[in-house]
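Asks: First the structure, then my questions, so here it is.
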Amino acid sequence: MSIFRATSIAAVLACAAWAAAAQSAPPIRIAHIDTFSGPTASTGATVAKTMLYAAHLINERGGVLGRKLEVVQMDNAGDSNKAVAMLTSTIDQKINFMVQAGNSGIAGSLLTAVEKHNQRNPNARVLFLNYGSALPDLTESKCSFWFFRFEAHQKMKMHAVAEYVAKNPDIKKIYLINQDYSFGHEVSADAKAIIGKARPDIQFVGDDFHPFGKIKDFSPYVLKIKQSGADTVLTGNWGNDLALLVRASKESGLSTKYITYYGGLFGVPTSIGTAGENTVFQISSWHPNAPVEDKTPELEKYQRDFKAKFGEDLYYTSILVQMDMLAKAIEKTGNAEDLVKIAKALEGMEYDSPFGRIQMRAQDHQASHPIYINQLVKGVKYDAEGLGMGWKTVAKVPGDKTVLPTACKMERPL
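The number in my numbering is simply the position in the sequence shown, starting from 1, with 351 added.
Dropping the structure here:
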């Protein structure tokens, strides 16, 4: 037998052994700690489905380093203490990766717990991936080497709104109405500061806060909006509070436009119904009718597949981006257990995703990406929730337009 043939046989055997090992290799597990029960369970259900879909897409192409991704879902029931208890369970199960978003208060509690744990347990660290908590401080005053956010935060999105308002002189009087908690107060303060700077002529003719999830009749608020002469309402409201507000406006004959952060969340277009036609705008990182010319077929495939599997439109594209970027970082590192190297591979990563160019800033682990302003209209290709209406792009703000200076002072592991 020649040396060449012996070497070839050895190589074939080695490949076969690697393939067999890959097939039997344990999965890379990812704890998904989020709110799957309680008043915001419908949103939790959507993000749970999107996480499973993101893992499915990666597993379908062979996984990561020959290993499948496995999502372990844990319900925090909207409670910070329960979320931290879930983190303890994650650690006990030797799961290295955790994802969460939604409630920024819960994200902050988890981040504090992850920081403390990782400092005390350098051999059993956890990497925290966040796909959309809105609080800027998570990548500012609370920034951490162990935390990455893959969605623009509230202040970045407000800069996108300001860019849109600056180019629309028909917007003259803005009424602010928000839920009475930290996010709502930030939306109000940032709107006045950021939009006010972009359009000094803008009048803010109202600034209301209302109890979260407790108002059943928004007609008194709508009356104040009508009396103010506002042509536009800007709100961080979400869920039932947003739907009831818009419907009350329609019933009163108010034609004011609504610029929203969360008008496209699953269930909200249905709750708003025909009252939202031409009236409701949303800020998003993508939507099914987005004009991404060179990758439209791929995006349409995602939209069709997701709707076929789960009966919903694809909304949380940041989850798909997050999982793809994690997979790329692990593959670059060649090791799913070395979290320091994986975090360093994520730092500064530039990723041409199907949803646009994503840049993960190394200084604060905050992603930037294109931001869309969309209007709910008839006559688009993909409707929203079978309403006969869907989202149409009225503005696209490049990611670099929303990149802000950072005050992050990050402590890095040695």
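Quick reminder that beta carbons are idealized off the backbone N, C-alpha and C, glycines included.
Where are the alpha helix (DSSP H) runs, 4 residues long or more, that stay fully inside the segment 606 to 662, in chain order?
Replies: 619 to 623 and 647 to 661
Asks: Residue range of the alpha helix (DSSP H) that Leu-408 falls in?
Replies: 392 to 411
Asks: List the endpoints of the continuous alpha helix (DSSP H) containing Thr-463.
Replies: It spans 455 to 471 - the alpha helix (DSSP H) in which Thr-463 sits, taken as one unbroken run.
Asks: Nearest to Trp-497 by CA position, among Asn-410, Leu-480, Gly-750 and Pro-551, is which residue?
Replies: The closest CA to that of Trp-497, considering only Asn-410, Leu-480, Gly-750 and Pro-551, is found on Leu-480.
Asks: Do the CB positions of Gly-587 and Val-538 come within less than 8 Å of each other?
Replies: Judged by their CB atoms, Gly-587 and Val-538 are nearer to each other than the 8 Å cut-off.
Asks: Measuring alpha carbon to alpha carbon, tell me which of Asn-454, Ile-446, Gln-717 and Ala-503 ends up nearest Arg-758.
Replies: At residue 758 the sequence reads Ala, which differs from the Arg that was named. Selected option, being the one with the closest Cα: Gln-717.
Asks: My guess is that Leu-420 and Gly-429 are in contact by the Cβ rule of under 8 Å, so how many angstroms apart are they, rounded?
Replies: With a Cβ gap of about 26 Å, Leu-420 and Gly-429 do not count as contacting.
Asks: Please return the same chain residues whose Cβ sits closer than 7 Å to the Cβ of Ser-431, not counting the five positions on each side in sequence.
Replies: Gly-456, Ile-457 and Ser-460
Asks: Of the choices Glu-663, Met-425, Lys-548 and Lys-608, whose alpha-carbon is the least far from that of Asp-734?
Replies: Glu-663
Asks: I'd like the list of long-range same chain contacts for Thr-621, defined as Cβ closer than 6 Å, with 5 residues on each side in sequence excluded.
Replies: Here the set comprises Glu-736.
Asks: Are at least three pairs of beta-carbons, each pair with one atom in the segment 681 to 689 and one in the segment 472 to 489, less than 8 Å apart?
Replies: Contact fails between the segment 681 to 689 and the segment 472 to 489, because fewer than three Cβ pairs, one in each stretch, are under 8 Å apart.
Asks: Within its chain, find whatever has a CB closer than 7 Å to the CB of Pro-756; leave out the 5 residues flanking it on each side and keep chain order.
Replies: none
Asks: Could you give the residue range of the beta strand (DSSP E) that holds Met-740?
Replies: Here the beta strand (DSSP E) through Met-740 covers 740 to 748.
Asks: Using only alpha-carbon positions, find the residue among Gly-580, Leu-489 and Gln-726 that is nearest to Ala-641.
Replies: Gln-726
Asks: How far does the alpha helix (DSSP H) with Met-507 in it reach, from first residue to last?
Replies: Counting along the chain, the alpha helix (DSSP H) containing Met-507 begins and ends at 505 to 517.
Asks: So is Ala-517 in contact with chain B if we call contact Cβ pairs under 8 Å?
Replies: The structure shown contains no chain B; it is built from a single protein chain.
Asks: Relative to the alpha-carbon of Asp-426, which residue among Thr-386, Gly-453 and Met-449 has its alpha-carbon at the smallest distance?
Replies: Minimum Cα-Cα distance from Asp-426 among the listed residues Thr-386, Gly-453 and Met-449 corresponds to Thr-386.
Asks: By the three-class DSSP mapping on this structure, what secondary structure does Gly-707 have?
Replies: strand
Asks: Taking Arg-696 as the reference, which of Asp-675, Gly-707 and Tyr-609 has the closest Cα?
Replies: In the sequence as displayed, the identity of residue 696 is Ala instead of Arg. Comparing Cα positions, the closest option is Asp-675.
Asks: Three-state secondary structure (DSSP) at His-536?
Replies: helix
Asks: Give the C-beta separation of Trp-637 and Leu-616 to the nearest angstrom, bearing in mind that I take them to be a contact with Cβ-Cβ under 8 Å.
Replies: The Cβ separation is near 14 Å, so there is no contact.
Asks: Is the Cβ-Cβ distance between Gly-614 and Leu-593 less than 8 Å?
Replies: Yes, they are a contact pair.
Asks: Beta strand (DSSP E) containing Glu-421: first to last residue?
Replies: 420 to 426
Asks: For the candidate residues Asp-703, Ile-384, Lys-683 and Ser-704, whose alpha-carbon lies nearest to that of Ala-694?
Replies: Lys-683
Asks: For Gly-707, collect the residues of the same chain with a Cβ closer than 6 Å to its Cβ; drop the 5 residues on either side in sequence, then sort them by chain order.
Replies: His-720 and Pro-721
Asks: Using beta-carbon positions only, say whether Phe-569 and Leu-595 come within less than 8 Å of one another.
Replies: yes
Asks: Check for me: the alpha helix (DSSP H) holding Thr-586 runs from which residue to which?
Replies: Counting along the chain, Thr-586 falls outside any alpha helix (DSSP H), though it belongs to the beta strand (DSSP E) covering 583 to 586.
Asks: Counting along the chain, where does the beta strand (DSSP E) carrying Asp-385 start and finish?
Replies: 379 to 385 is the extent of the beta strand (DSSP E) around Asp-385.
Asks: At which residues does the alpha helix (DSSP H) containing Asp-443 begin and terminate?
Replies: 431 to 443
Asks: Roughly how many whole angstroms lie between the Cα atoms of Gly-604 and Ala-542?
Replies: C-alpha separation (whole angstroms): 26 Å.
Asks: Does DSSP put Ile-446 in a helix, a strand or coil?
Replies: Correct three-state label for Ile-446: coil.
Asks: Since Lys-524 contacts Gln-554 with CB under 8 Å, what's their CB separation in whole angstroms?
Replies: 5 Å
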